[in-house]
Structure formats: structure tokens, C-alpha cells
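Q: Here it is, the structure in full.
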């Protein structure tokens, strides 16, 4: 009964509403994953089970392409680590906001952590309200979407016209930009500097390193650049 | 093609590793009071992560830089930035960008 009461709370409704905004983001990714997994030879139940257990679209896609090329367990674990390293950074980045979260809720919060958490959770902490209910409801909503769309992708994937793929793919940068905008607005000059430095490093370093490494180096470089501007320098 | 004996250990191994990557930082750092400078650094980290991903998902195709003026993603990103400045509505930002890229793609192919 407590769960149903929580689900009706304003913070849970807000979390579910914000989670549903990522339908255009997770739908094309889940369908791409389901199609790739079928091509790699996974059974339908394995495709859905993997999505439920790992909830990491980019890692799943990267592992599938390595698996098809004959990669072993050690290579798959290295690929998973590389593709998910940014989630470790996101977990570190949201940790200052987690004081209202109970120890019991932490494992579920960690399991359902997504890239969107980097934008949604700090913004909720700034707005106020029940942070734990919001965080769990928005993340579980997105995990459920991922699972549901994987299930749909197994059956509907072959019917999606190929011309739609690049259009649906634009949901990824659009969603990330929509998430970072309020964070930049909140921290003003230092936020703009952090964003510009990380974007430049994440792109420019791809000449030397794989994109996943560049994104991590860019995130560190951007955050370091952000603290160079004194907090007083953030006022208009 | 893969066999069930390969896939199940892969599912378990990648799931355990992924959970560890996400949960351990939260378990170790979550709710603790950190040095103010470290806390400031961590508050800029989400901006750094998301901005890098915006840049890469807009301008990288198959690991190669693709920033031509004729690229529909660049046009879509200009609209998305304008929407992000004018509105705080995430749905409007995502759907507005998708609508423009969709329109340009189908007009370009037509």
C-alpha cells in the first residue's frame, strides 16, 4: 500500500513524467539493439534478459559487435567497462546530491542510473521536494521503458523503415542538450566554460583516442575548467 | 552466431560489472560531506559528461568528424540550442529537434 501511496505523490508523478520524456531517446536505441542482437544469434529471451539485467544500451551494442567478431569474455568485460565508465563518473557527479537517499535505496538507484540522471537529479535537488521518490520513480520509469522497447524491438524491429534510423538517432544529442541546459544556466560563466572545454576535448581528442576515452577526458577537463572561474565570477 | 553457453556468462558478467561501476561511487561517496573544492568539481562533472556526449553524438559518424554545413544534425542542433535558451521544456527541445531533422531528411531524400 505504501508503494501505491508513494506513486501518487507529486514527486513520483513528476519523476515518471520526466522519465517518459526519454521515449524518443530509448525507443530507437532499444530497437537497434534488438535487431543487432537477433543478427548476433541471441535468443529472444536472452535479448530481453540482457536489457533487464544490464540496462546499458551503448555497452550492449558494443558487446554485440565484438561478440559477432568472436570476442571472448575478457574482451567483452573490457568493452563493457569502457562503454560504462561514464556512468561511474555520473555516479560520482551526482553523489553530492544523495544526502536525502537512504542506504536501502542506494542499490536500486545505482542499478537504474542512466546518463539522464546527470541532468535530472541535480535539477530536482535545486527545485526541492522528495528527492528519493523523484530519483527512483524517474530512473525506474526509464529502465521499464528500455525493457519494454527491447521487447517491442524483438518483434517490431524488422518493420521500422531504414530511413527513420538517422532521424530517430537525433533524439540522443537533443536529449543530452536539453538535460545540460538547466545545469549551465544555474552555474552561468563557469558552466559555459565547462561545457565548451569538455565538448572541444571530447571531439578534438578523437584524432588520437577512441570516442569513449575522449568523452571521459573531456568531462574531467571541462569540470576542471569550471572550477577555474571563482564562484563570485558567476554573477551577471 | 553465438551459443547459449557463451551468452549466459556474458549477461551475468556484464551485468555484475555494470552494477559495480554505477553503485560503488554512490555507496562510497553518496551523502558524504566532501571538501568544497572537490564538491564544486563534482558539480561540474555532469555538465562535462553531457556536453561531451552532445558534441560527439552531433558531430561524430562512425568515429569520424562530420561537421559540414549540409549536415542535418547541425541544423537540428542550432534549433535545439535556441529552444533550450527560450524554453525550459525538455519535450519541446527533443521533439522540436526531431521534427526539423525529420523534415530536412525527408525533403532531402524526396
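Chains as they are written, first to last, in the working numbering: chain A, 17 to 252; chain B, 359 to 468. Just so it is clear, CB atoms sit at the ideal spot from N, CA and C, and this is done for glycine as well. Nothing here was measured: the structure is a model prediction, and the numbers come from that model.
I think residue 127/A touches residue 381/B, with their Cβ atoms under 8 Å apart; what is that distance to the nearest whole Å?
A: So it is a contact: roughly 7 Å between Cβ atoms.
Q: What residues from chain A crowd round residue 440/B, counting only those whose CB sits closer than 7 Å?
A: Residues of chain A passing the Cβ test: none, with the nearest at roughly 11 Å.
Q: Scan the region 201-250 of chain A and note each continuous alpha helix (DSSP H) run of 4 residues or more that stays entirely inside, going in chain order.
A: Whole alpha helix (DSSP H) segments, 4+ residues: 227-244.
Q: Under a CB-based cut-off of 7 Å, is residue 385/B close to chain A?
A: Output row for residue 385/B: interface = yes.
Q: Excluding the 5 residues preceding and the 5 following residue 187/A in the sequence, name in chain order all residues of the same chain whose CB lies nearer than 7 Å to its CB.
A: Result list for residue 187/A: 40, 41, 44, in chain order.
Q: Beta carbons nearer than 8 Å to chain B: which residues of the region 87-107 of chain A have them?
A: Within the region 87-107 of chain A, the residues whose Cβ lies closer than 8 Å to some Cβ of chain B are 89, 92, 93, 96, 97, 100, 101, 102, 103, 104, 105, 106, 107, listed in chain order.
Q: Could you check whether the Cβ of residue 419/B sits closer than 7 Å to any Cβ belonging to chain A?
A: With 7 Å as the cut-off, residue 419/B does not count as an interface residue toward chain A.
Q: Quick check: what's the CA-CA separation for residue 411/B versus residue 466/B?
A: Going from the Cα of residue 411/B to the Cα of residue 466/B covers about 26 Å.
Q: Starting from the N-terminal side, write out each stretch of the alpha helix (DSSP H) that is 4 residues or longer and does not extend beyond the region 93-172 of chain A.
A: For the region 93-172 of chain A, whole alpha helix (DSSP H) runs of length 4 or above, ordered along the chain, are 122-127, 133-143, 147-172.
Q: Checking the sheet assignment: what are the DSSP bridge partners for residue 422/B?
A: Looking at the DSSP assignment, residue 422/B forms a beta bridge with 419/B.
Q: Are the region 438-450 of chain B and the region 368-377 of chain B touching, with three or more C-beta to C-beta distances below 8 Å?
A: No, they do not touch.
Q: List the whole-angstrom C-beta distance separating residue 238/A from residue 409/B, where the pair is believed to meet the contact cut-off of C-beta under 8 Å.
A: 6 Å between Cβ atoms; contact.
Q: Counting Cβ pairs, one atom from each stretch, are 3 or more of them under 8 Å apart for the region 100-113 of chain A and the region 379-394 of chain B?
A: Cβ pair count under 8 Å is three or more, so yes.
Q: Is the distance from the Cβ of residue 132/A to the Cβ of residue 38/A below 7 Å?
A: Yes, the pair counts as a contact, with Cβ atoms nearer than the cut-off.
Q: If residue 63/A sits next to residue 75/A, beta carbons under 8 Å apart, how far is it from one beta carbon to the other, in whole angstroms?
A: The pair is not a contact, with the Cβ atoms about 14 Å apart (cut-off 8 Å).
Q: According to DSSP, simplified to helix, strand and coil, what is residue 429/B?
A: DSSP places residue 429/B in coil when its eight states are reduced to three.
Q: So with CB distances below 9 Å, who are the chain B contacts of residue 238/A?
A: What residue 238/A touches in chain B: 402, 403, 405, 406, 407, 409, 410.
Q: Just the Cα atoms here: how many angstroms apart are residue 155/A and residue 125/A?
A: Between residue 155/A and residue 125/A, the C-alpha separation is close to 7 Å.
Q: Residue 41/A lies in the alpha helix (DSSP H); which residues open and close that run?
A: Residues 39-56.
Q: Compare the C-alpha of residue 413/B against each of 159/A, 104/A, 217/A, 69/A and name the closest.
A: Selected option, being the one with the closest Cα: 217/A.
Q: In chain A, what lies closer than 8 Å to residue 448/B by C-beta?
A: Going along chain A in sequence order, the residues near residue 448/B (Cβ under 8 Å) are 34, 37, 191, 194, 195.
Q: Given residue 83/A, which residues of its chain have a CB within under 6 Å of its CB, disregarding the five upstream and five downstream residues?
A: Taken in chain order, the residues that qualify are 56.
Q: For residue 176/A, does the three-state DSSP call read helix, strand or coil?
A: Residue 176/A falls in the coil class under three-state DSSP.
Q: Which residues of chain C have a Cβ atom closer than 9 Å to the Cβ of residue 392/B, listed in chain order?
A: Included in the structure are the protein chains A and B, with no chain C among them.
Q: Is it true that the CB of residue 101/A sits closer than 7 Å to the CB of residue 402/B?
A: Cβ atoms of residue 402/B and residue 101/A: not closer than 7 Å.
Q: Contact defined as beta carbons within less than 8 Å: I believe residue 375/B pairs with residue 93/A. What is the distance between those atoms, to the nearest angstrom?
A: Correct: roughly 6 Å between the Cβ atoms.
Q: Give the residues from the region 62-79 of chain A that approach chain B closer than 7 Å (Cβ to any Cβ), ordered along the chain.
A: So the list reads 62, 65, 66, 69, 70, 72, 75, 79, given in the order they occur along the chain.
Q: Nearest to residue 30/A by alpha carbon, out of 99/A, 223/A, 150/A, 229/A?
A: Looking at the Cα atoms, 150/A is the closest of the given residues.
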